[in-house]
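In the working numbering, each number is its position in the sequence shown, counted from 1, plus 2.
Beneath this line is the structure, given in structure tokens, with notes to follow.
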Amino acid sequence: MNLGYIKEKIVPLLKENDVVNAAIFGSYARGEEKPDSDLDIIIKFREEKIKTLFDLIKLVNCKIKCDSKKS
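Right, dumping it as structure tokens:
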């Protein structure tokens with residue numbers, strides 16, 4: 003998975019679901035990803051759209067660790 007693939011697959015899903023904001027960090031953001039790198043992404047959903055997180059997990063089709071942060 004490369005950054006181009008991530009943008010192609012994830013950005014449209016984010017736009018469709020009124021995501022407040024999203025950011026990639028870690029090795030992908032630095033351009034240092036390797037084949038076994040994980041994707042570090044923070045997504046702020048509108049509360050009424052939080053169920054779409056599961057759609058994102060299905061789309062990416064890889065292990066995802068989810069943390070919740072109240073703003």
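Idealized CB from N, CA, C, for every residue including glycine.
To the nearest angstrom, report how far apart residue i and residue j are at their CA atoms.
| i | j | result |
| --- | --- | --- |
| N4 | E35 | 8 Å |
| I45 | A24 | 4 Å |
| D40 | G6 | 15 Å |
| L15 | G33 | 23 Å |
| E18 | I12 | 10 Å |
| I8 | G28 | 14 Å |
| E10 | V22 | 19 Å |
Could you tell me which residues DSSP puts in a beta bridge with residue i?
| i | result |
| --- | --- |
| N23 | K46 |
Could you check where the alpha helix (DSSP H) with residue i kicks off and where it finishes?
| i | result |
| --- | --- |
| S29 | S29 to R32 |
| E35 | Premise fails: E35 is in no alpha helix (DSSP H) and is neither H nor E. |
How many whole angstroms separate the CB atoms of residue i and residue j, which I take to be in contact at a CB cut-off of 8 Å?
| i | j | result |
| --- | --- | --- |
| D42 | Y30 | 7 Å |
Would residue i count as contacting chain B if we go by Cβ distances under 8 Å?
| i | result |
| --- | --- |
| D38 | The displayed structure is made up of one protein chain only, and chain B is not part of it. |
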